[in-house]
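Visitor:
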Amino acid sequence: MKSAVIVFPGSNREGDMVRALTLAGSDAQKVWHAETELPKGTDLVVLPGGFSYGDYLRCGAIAGRATVMDAVRAHAACGGLVLGVCNGFQILCEAGLLPGILMRNANLKFICHRQYLRVERTDTAFTRNYTKGQAIDVCVAHGEGNYTADEETLKRLEGEGLVAFRYADAQGHITQDANRNGSMNSIAGIYSDKLNVLGMMPHPENLIEDLVGGTDGRGLFESLVSSFPKAA
Amino acid sequence: MIRNDVAITPELVKEHGLKPDEYERFVTLIGREPTITELGIVSAMWNEHCSYKSSRIHLRGLPTKAPWVIQGPGENAGVIDIGDGLACIFKMESHNHPSFIEPYQGAATGVGGILRDVFTMGARPIASLNFLRFGEPDHPKTPHLVSGVVAGIGGYGNSFGVPTVGGSVGFDKRYNGNILVNAMAVGLARTDEIFYAKATGVGNPIVYLGSKTGRDGIHGATMASAEFDDASEEKRPTVQVGDPFAEKLLLEACLELMKSGAVIAIQDMGAAGLTSSAVEMGAKGNLGIELDLDKVPCREEGMTAYEMMLSESQERMLMVLKPGMEQEAEAIFHKWGLDFAVIGKTTDTLRFVIKHQGEVKADLPIKELGDEAPLYDRPWVESPRQPVIAPDSVKAPMSEAEALLKLVGSPDQCSKRWVWEQYDHLILGNTVQTPGGDAAIVRVEDGPKGLALTTDVTPRYCEADPFEGGKQAVAEAWRNITAVGGLPLALTDNLNFASPERPESMGQFVGCVKGIGEACKALDFPVVSGNVSLYNETNGQGILPTPAIGGVGLLDDVTVNASVAFKAEGEAIILIGATEGWLGQSIYLRDVCGREEGAPPPVDLAQEKRNGDFVRQLIRSGQVKTVHDLSDGGIALALAEMAMAGGVGAEITAFPEGLPLHAFLFGEDQARYLIAVDEDVAADILYEAGAIGIPAVTLGLTGGDALILPGQQAISVKQLKAAHEAWLPNYMTGKA
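Chains as they are written, first to last, in UniProt numbering: chain A, 1 to 232; chain B, 1 to 736.
(1) Spatial neighbours of Thr-275 (chain B) within its chain, please: CB distance less than 7 Å, with the 5 preceding and 5 following residues excluded, ordered by chain position.
(2) My parser needs the alpha helix (DSSP H) runs of 4 or more residues fully inside the region 171-228 of chain B; what are they?
(3) Check whether the Cβ atoms of Lys-361 (chain B) and Ala-283 (chain B) sit closer than 9 Å, and answer yes or no.
(4) Using the Cα positions of Phe-119 (chain B) and Ile-70 (chain B), report the straight-line distance between them to the nearest angstrom.
(5) Counting pairs of beta carbons, one from the region 485-495 of chain B and one from the region 73-84 of chain B, are three or more of them closer than 8 Å?
(6) Pick out whichever of B:Leu-338, B:Lys-173, B:Thr-349 has its Cα sitting closest to the Cα of Glu-596 (chain B).
(7) Let me make sure I understand the geometry here. Which of B:Pro-387, B:Gly-85, B:Leu-132, B:Ile-574 has the alpha-carbon closest to that of Asn-96 (chain B)?
(8) Report the neighbours of Leu-53 (chain A) on chain B: residues whose CB is nearer than 8 Å to its CB, in chain order.
(9) Mind checking which residues open and close the beta strand (DSSP E) that includes Thr-546 (chain B)?
(10) Rounded C-beta distance between Asn-430 (chain B) and Glu-93 (chain B)? I'm assuming under 8 Å.
(11) Going by the DSSP bridge assignment, what does Met-103 (chain A) pair with across the sheet?
(12) So Pro-103 (chain B) and Leu-115 (chain B) are in contact, right, with Cβ under 8 Å, and what is the actual spacing, rounded?
(13) Out of A:Gly-80, A:Cys-59, A:Val-68, which has the shortest C-alpha to C-alpha gap to Lys-30 (chain A)?
(14) Of all the residues that make up the region 417-437 of chain B, which are near chain A by a beta-carbon distance shorter than 7 Å?
(15) Taking Cβ positions, are Arg-417 (chain B) and Leu-575 (chain B) nearer each other than 9 Å?
(16) Within 10 Å of its beta-carbon, does Glu-222 (chain A) have 16 or more other beta-carbons around it, so buried, or fewer, so exposed?
(17) Going along chain A, which residues have a C-beta under 8 Å from Leu-249 (chain B)?
(18) Establish whether the CB of Leu-211 (chain A) and some CB of chain B are separated by less than 9 Å.
(19) For Val-558 (chain B) and chain A, any beta-carbon pair shorter than 9 Å?
(20) First and last residue of the beta strand (DSSP E) that includes Leu-47 (chain A)?
(21) State yes or no: is the beta carbon of Arg-443 (chain B) nearer than 9 Å to at least one beta carbon in chain A?
(22) Look at the alpha carbon of Ala-199 (chain B) and the alpha carbon of Ala-676 (chain B), and state the distance between them as a whole number of angstroms.
(23) Do Leu-211 (chain A) and Gly-447 (chain B) come within 9 Å of each other at the CB atom, strictly closer than that value?
(24) Quick check on the burial criterion: 16 or more other C-beta atoms within 10 angstroms. Buried or exposed for Pro-229 (chain A)?
(25) Gly-122 (chain B) touches chain A at which residues, Cβ-Cβ below 8 Å?
(26) Within the same chain, show all residues whose beta-carbon is closer than 6 Å to that of Asn-12 (chain A), passing over the 5 residues directly before and after it, in chain order.
(27) Let me know the secondary structure DSSP gives Arg-133 (chain B) once reduced to three states.
(28) So which residues of chain A does Ser-159 (chain B) contact, with C-beta pairs closer than 9 Å?
(29) Comparing alpha-carbon positions, which option in B:Glu-679, B:Glu-651, B:Glu-725 lies nearest Met-713 (chain B)?
(30) Below 8 Å between beta carbons is the criterion; list the residues of the region 329-358 of chain B that meet it against any residue of chain A, in chain order.
(31) Please report whether the beta-carbon of Gly-143 (chain A) lies at a distance below 9 Å from any beta-carbon of chain B.
(32) Between which two residues does the beta strand (DSSP E) containing Pro-365 (chain B) stretch?
(33) According to DSSP, Gly-78 (chain B) sits in a beta bridge with which residue or residues?
(34) In chain B, which residues lie with their C-beta within 8 Å of the C-beta of Arg-19 (chain A)?
(35) Going by the CB atoms, is the gap between Leu-665 (chain B) and Glu-400 (chain B) shorter than 9 Å?
(36) For residue 739 (chain B), which option in B:Gly-693, B:Ala-643, B:Thr-733 has the closest C-alpha, if you only look at C-alpha atoms?
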């Protein structure tokens, strides 16, 4: 499985993402934001975490309009897989690939901590190696992860089962305490209509080794890799 | 002859922080009245911050060498060899005064400056730490300063993309008017790809890189070399504004350029900006430097030569490039959207020549600007000796259980989670031990090695006995690293003191430096970089002497380490090291009895080394996974922290006869550790220790959901945690 990790000025978790993808068996390479095309045969596009363009405008606003994003939109339009994590999620929202927006955290501070997520469905390319309702232990690191959308959008996301992950406690219960950034409906990640684009605030790519906190993040990358037949 | 537009009056000299005799020295050196630009340049080079004029003669006594030291003090950062062709490059630096005036930007640019010091040498930063001291919690300014400094450190480091993995936060009224913000950065480079500031070759292009130059930070280094008074807040315009995004681009562009082979020398523009960086490159290389300021990328219009030479705008670098490689270098910088300009050349004249708008604005002897800076052997007096406080002379005002609950929830000993959760401590995916333990551990690339990192000092010990306090600071950093299984290799020191012009505070400085040197020698733990921050006082009130130590240690196999958390029930808790119940200057005496007095615990460096080497070997052989070194709050506080971290209680049944229980539990004798091990292994460890004369005794067993101290009511781990976690968030939201 070939993945392209897009590097914007100010991206800073691209290395972590490449490491996680590689560990799961993907052929991952970094792609500079000024490129007009994705590498031939790209199966998965990843927008990694960071502070693209310093987040000096709205988070993701400038990156969402970068040259390479036309190619990413085209890839998504053909059903190609796109994953945006943290700043990547913000970019997907700004680029119009996902609805809603990420507002400042409820406490108005950057927060970095371990966080359980409940896996809402397991019939997508991103989550097939998890079990439904499983509580996975990953981490968050963001100042603006407070998912917000208008009522209609929220209704549609819920109605069509497009919520990918919710902030939960260790048992998978959705509680107010577990939703530290104040996201609507405890939403930590959402899919596009066709389930081929996933945006999420938490970082599965930092929880891939027992030595460094645990391996619950691996499932996502292994799901993606196993969604593709091995290259001949 | 240089034209002089501005008459140099005694008032002007004074405003530049130069004493009349210092100015005279300069006039004699150049043989004429200086121009205003020249006066600005010399004030930048000869202030305390840049010239170390009061501290230099004392720093010479510090041990700086070891077979694994590649570069000691004098460069942007220290460099040590960690094997496998890799070097660890690190340094700590203060940003105290700017952070007091403008906490967010002051702290942010402190982090930015130290990161730049590290990547200037070719290293990619892999971890950042800090050491923070604030005024007493009740002081009206304290919450605002805590909030701003923490946000600033996070704001810069998080965006730049380096994990902030450790630090120290404390409060004391002596920092009311002068907080401490010390930032440490740690980077990795290949040993054959380290870059230095020394320029070589005549006629080589000098290149300006990074952000544009503005009027911010002019005279920042001079401000950092003066004591504060009530008008200091008017100095806000001399605090620079940080741009972590630009710094991240600068990092990537510099590392890419270094790989291309185009770089001869590189120096970041930190304190005293263009002046200090250019002079340093020339002086180190025995070369002159000629700059044409018309080429300097400016953010503001109409900047004068004086302003450009003294601006401390952030995220800028100066390089000497190999001739003919300018275009390649420029392409790399433009790819990253950064400014690139050839602004001068190296010469063989040994002069520092500044041209602007067709005129020579400065023409100074370059070597003398650094070498001939004033050097002072300031008068100093030894601190008065404090009496030793006998353990049984201290009456316990409350039960030991109550005292422990009070301490775990006190401002200095409470959980600092509220702080470190605002720092991205997980980015890069190599943080093996997160903040909250004895030392942080980060894996080196994909392993197997790891680095153990810590910042520490006990200022109240340093005040009571500077020499013992200096020793203790080094010993504690060494112990922190040892407690996670690391072999301490080298340290960086950030020496924060009050005015050197007062013999009492100069005496504290001299004593602490002597103590540091003594401990470094005994523990084979040399100083490879550091920073001196003097004049930390406001309206004549000095800070506690605070020589913060940033220690770096190596784990050969990062998977073999120890942490403070109790990991299983029924394990034996063993105390390593001798306990006499030393309560002088202890946290117990201060926070439970309300007495700040007595001599601090003496540090027996031979014992320190022997006990530490023993514990490290137990960790490295895989026998022990649970270790906590003992410091503030002694055995009791360590037990509480181990129980809280692991969610497992303990019962202490053994304690010595003839020592008051509170002295045994809360005494702060040095060179001690608590370990928890399987009972079978415990017998072997006690035997081994006995055989080589290391004091080791079993205190009790882990288990249950409460901590039970001898004869005391059980305190549930839940109750401990509630007290430990509550104070800081409550305080910051106005509830404490």
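Note that the Cβ used here is the ideal one computed from N, Cα and C, for glycine as well.
Guide: Result, derived from the coordinates:
(1) Ile-41, Ala-44, Met-45, Met-309, Leu-310
(2) 220-223
(3) no
(4) 16 Å
(5) yes
(6) B:Lys-173
(7) Measuring C-alpha to C-alpha distances from Asn-96 (chain B) to each of B:Pro-387, B:Gly-85, B:Leu-132, B:Ile-574 identifies B:Leu-132 as the nearest.
(8) The sequence given here places Tyr at residue 53 (chain A); Leu does not occur at that position. Chain B residues near Tyr-53 (chain A): Phe-245.
(9) 546-555
(10) Wrong, their Cβ atoms sit about 23 Å apart, outside the cutoff.
(11) Paired residue(s): A:Asn-146.
(12) 19 Å between Cβ atoms; not a contact.
(13) A:Val-68
(14) Near chain A, meaning a CB-to-CB distance below 7 Å, the residues of the region 417-437 of chain B are Glu-421, Gln-422, Tyr-423, Asp-424, His-425, Leu-426, Ile-427, Leu-428, Gly-429, Asn-430, Thr-431, Val-432.
(15) no
(16) Label assigned to Glu-222 (chain A): buried.
(17) Pro-9, Gly-10
(18) yes
(19) yes
(20) 44-47 is the extent of the beta strand (DSSP E) around Leu-47 (chain A).
(21) Among the CB atoms of chain A, one or more fall inside 9 Å of the CB of Arg-443 (chain B).
(22) 54 Å
(23) Result yes, Cβ atoms of Gly-447 (chain B) and Leu-211 (chain A) sit closer than 9 Å.
(24) exposed
(25) Going along chain A, no residue has its Cβ under 8 Å from Gly-122 (chain B), so there is no contact; the nearest lies around 18 Å.
(26) Excluding residues up to 5 positions away in sequence, Gly-50 lie with their Cβ nearer than 6 Å to the Cβ of Asn-12 (chain A) in the same chain.
(27) strand
(28) Gly-10, Asn-12, Gly-50, Phe-51, Gly-54, Asp-55
(29) It is Gln, not Met, that sits at residue 713 (chain B) in the sequence shown. The shortest Cα separation from Gln-713 (chain B) among B:Glu-679, B:Glu-651, B:Glu-725 belongs to B:Glu-651.
(30) Hits within the stretch, in order: Trp-336, Gly-337.
(31) yes
(32) 359-365
(33) Answer is B:Phe-90, bridged to Gly-78 (chain B).
(34) Gly-429
(35) Contact flag set, yes.
(36) Because chain B here runs from 1 to 736, residue 739 (chain B) falls outside it and cannot be looked at.
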